[in-house]
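Numbering (our numbering), first residue to last: 12 to 435. Read through the structure below, which is laid out as structure tokens, and then see the notes.
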Ligand code: SF4
Ligand code: SF4
């Protein structure tokens, strides 16, 4: 299960089209919740939570026809995101599955969908199970952590409703994983959060740092406008954003527990992606890939954007219906956005011993001044370095095991041995 930022596919010219994944926003940013830290719902000019931000079936068919024609592999992936994508209603997704069969020509289709869980009921679960949807459930951890920011429009916590959705997924054998944010509050409880997920038998746990800037704090009952990446500065960072060193400490605390007990049993995509970079494989998360990936966004009205975090009018690449999908996907703008990730590194990044693991991290987080006084350095740098340094020896060990055809899980014995020696 992925969020936009989890797919890395290298940008290539149109005539070398290869597998890529588009994130569909069938209701734009419309949502039935009002999380304080949401980066999507408050965007100016795009996907306001108005009722008419609904993707039409006509646009859906146009997209599926062109998208399936462009795909060259045997597996075609589609990711559904919001806002809250279930607001589009189950009939829309039934239609989508019909259209997918119509245009698949025998190829497999994988649907993933990110939901806050509030609308999930037995009908949805039957549909997801029958059609093999992979669901990402947004759950930040135990109740005091989840309800800190994930509240509904009446200000009520949503924890018990999300847990109810999760129980329904388990009852109906719907495949799911969780996406948990690391914010200023949850960053204090890494081990509590990780153990909480394990106790729920959740095997795939994706952690996403909250890094948000606002020009001014919203008044009660209102929502401020999220700033486009180019206008972000560290002076505008919101109080709910995670601090860089807290981010690093959170990841290392979870890693320390994972690496002695859970390798091969529980999966934290960021750890796998860092190990992938140690092994010189394509990073499985775009945030630490060399280039930004082919995981563009198609908004409810057909507008096409380079990335989920760049859905602002100034970054719009074009509109399906006016241009066809291959023109948009392999346009010069799309290529430029993809390549500028490695082209716009600060000199601190270029000299950094961890550049091969980090690649300057996500472009949208590059808004602080580096130690040598350059603008455009990554806000999370300090935490990332802390994590890379802390995990270096065990990552090297896992890489060595994999290179010699042995399982990475052997690191658990190695780590336990090291810890035992250290305690003598
Ligand atoms: S750790 Fe910091 S300096 Fe190194 S590549 Fe990442 S962002 Fe750049
Ligand atoms: S800007 Fe690049 S690295 Fe960041 S989320 Fe988008 S595609 Fe991923």
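We treat Cβ as the ideally placed atom computed from N, Cα and C, and that holds for glycine. Given the structure is predicted, the values throughout are model-derived calculations rather than measurements.
If you check the C-beta of residue 256 against ligand 1, you find no heavy atom less than 6 Å away. The Cβ atoms of residue 205 and residue 298 lie no closer than 7 Å to each other.
For residue 334, DSSP records a beta bridge to 331. Note on residue 36: 16 or more other CB atoms within 10 angstroms of its CB, so buried under the neighbour-count rule. Residue 154 has its alpha-carbon roughly 22 Å from the corresponding atom of residue 254. Here residue 244 is exposed. Its C-beta has fewer than 16 other C-beta atoms within 10 Å. Residue 341 sits in coil when the DSSP states are folded into three classes, being neither helix nor strand. Separation of residue 110 and residue 89 (C-alpha to C-alpha, rounded to the nearest whole angstrom) is 13 Å.
The stretch 163 to 179 makes no contact with the stretch 190 to 209: fewer than 3 CB pairs, one atom from each, lie closer than 8 Å. Taking the Cα of residue 223 as reference, the smallest distance to any Cα among 31, 417, 375 is reached at 375. In this model, residue 99 and residue 309 are separated by some 15 Å (Cα to Cα). About 7 Å separates the Cβ atoms of residue 44 and residue 129, confirming a contact at the 8 Å cut-off.
Contact between residue 219 and residue 187 is absent: CB atoms are separated by about 16 Å, not below the 8 Å threshold. The continuous beta strand (DSSP E) containing residue 122 extends over residues 119 to 126.
Contact residues of ligand 1 (beta-carbon closer than 6 Å to any heavy atom; chain order) are 359, 360, 363, 365, 366, 369, 371, 372, 389, 392, 395, 396.
Inclusion of residue 374 in the 6 Å shell around ligand 2 follows from its C-beta lying nearer than that to a non-hydrogen atom of the ligand. Of all alpha-carbon atoms in 272, 169, 160, 237, the one lying nearest the alpha-carbon of residue 251 is that of 160. When the five nearest sequence neighbours on each side are left out, the beta carbons in the same chain lying within less than 6 Å of the beta carbon of residue 77 are those of 335, 336, in order along the chain.
Residue range 186 to 193 is occupied by the beta strand (DSSP E) that includes residue 186. Assigned with DSSP and collapsed to three states, residue 181 falls in helix. A residue is called buried once 16 or more other Cβ atoms fall within 10 Å of its Cβ, and residue 241, having fewer, is exposed. Boundaries of the alpha helix (DSSP H) around residue 404: 392 to 414.
A residue is called buried once 16 or more other Cβ atoms fall within 10 Å of its Cβ, and residue 82 is buried on that count. The distance from the Cβ of residue 127 to that of residue 149 is about 5 Å, consistent with a contact at the 8 Å cut-off.
With a threshold of 6 Å, the Cβ atom of residue 92 does not count as near ligand 2, since no heavy atom of the ligand is closer than that.
Ligand 2 approaches residue 298 closely enough that one of its heavy atoms is under 6 Å from the residue's Cβ. Proximity of the stretch 387 to 394 to the stretch 408 to 427 falls short of the contact definition, fewer than three beta-carbon pairs being nearer than 8 Å. Counting only residues of its own chain and dropping the five nearest sequence neighbours on each side, residue 168 has a CB closer than 8 Å to the CB of 154, 157, 158, 161, 162. Remark: fewer than three beta-carbon pairs, one from each stretch, lie closer than 8 Å, so the stretch 278 to 294 and the stretch 326 to 346 are not flagged as touching.
In this structure residue 408 is not in contact with residue 365, their Cβ atoms being roughly 17 Å apart against a cut-off of 8 Å. Per DSSP, residue 40 is not a residue of any alpha helix (DSSP H), being assigned neither H nor E.
Residue 70 is classed as buried because its beta carbon has at least 16 other beta carbons within 10 Å across all chains shown.
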